[in-house]
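Peer 1: Its first residue numbered 38, the sequence shown is counted upward by one per residue in the working numbering.
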Amino acid sequence: QADFSVIENIELLKILLKWCFSLAKDPNDELLLYVLETVHNIVAVNTLSVMRCCSGGIITVLTNVLSAPVCSEPLSPTLVEQIMSILEQIGGYSISAIEVRQFILLFQVDTKIPNFTDRRL
């Protein structure tokens with residue numbers, strides 16, 4: 038019997054998230070909201086799912102979604118809230134330095150990112 042409270046296939050989840058966001062024509066898309074609420078509900082109660090999401094790169098997928106325009110209008114506050122709560126749940130367990138950097142870059146006002154040589158100095 039299948040246990041629907043555990044995320045088994047992270048690669049499939051990544052593909053599903055990317056696909057849902059690529060289909061979105063409206064920032065209030067109900068499919069997006071449903072998928073995000075379901076993922077949030079699963080990671081909120083299941084540590085195994087959180088571990089799999091951490092190691093599978095779900096944080097990177099979600100930060101990429103937040104940083105790239107999905108449709109012509111900005112994402113609705115409800116969708117952004119769902120994404121942020123998933124990031125909070127997953128990031129509270131484990132987050133890599135690269136994922137922290139991607140998340141911080143979401144809040145960067147200036148889009149010019151210094152190159153590696155500038156950062157070393």
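Built from N, CA and C at the ideal position, the CB exists for glycine as well.
1) Assign Y130 to one of three DSSP states: helix, strand, or coil.
2) Could you tell me how far apart the beta carbons of I47 and G93 are, in whole angstroms, since I believe they sit closer than 8 Å?
3) Between which two residues does the alpha helix (DSSP H) containing N78 stretch?
4) Looking only at its chain, what residues have a beta carbon closer than 8 Å to the beta carbon of R138, apart from the 5 residues adjacent to it on each side?
5) Are the beta-carbon atoms belonging to N50 and I95 less than 9 Å from one another?
6) Within this structure, are the beta carbons of L182 and V80 separated by less than 9 Å?
7) Between the C-alpha atoms of V82 and T75, what's the straight-line distance to the nearest angstrom?
8) Could one say the Cβ of V72 lies closer than 9 Å to chain D's Cβ atoms, at least one of them?
9) For L124, which residues of its own chain have a beta-carbon under 8 Å away from its beta-carbon, when the five flanking residues on both sides are left out?
10) Residues in the same chain with beta-carbon distance under 7 Å from V87, minus the five sequence neighbours each way, listed in chain order, please.
11) From the DSSP output, in three-state form, read off E45 for me.
Peer 2: So, from the listed chains and residues:
1) coil
2) 3 Å
3) 67–82
4) none
5) In the sequence under discussion, the amino acid at residue 50 is Leu, which differs from the Asn named in the question. Against a cut-off of 9 Å, the Cβ pair of I95 and L50 comes out as a contact.
6) In the structure as shown, the chain starts at 38 and stops at 158, and residue 182 therefore has no counterpart that could be examined.
7) 11 Å
8) Any reference to chain D falls outside this structure, which holds one protein chain only.
9) I96, L99, T100, F140
10) V80, Q126, I127, Y130
11) coil
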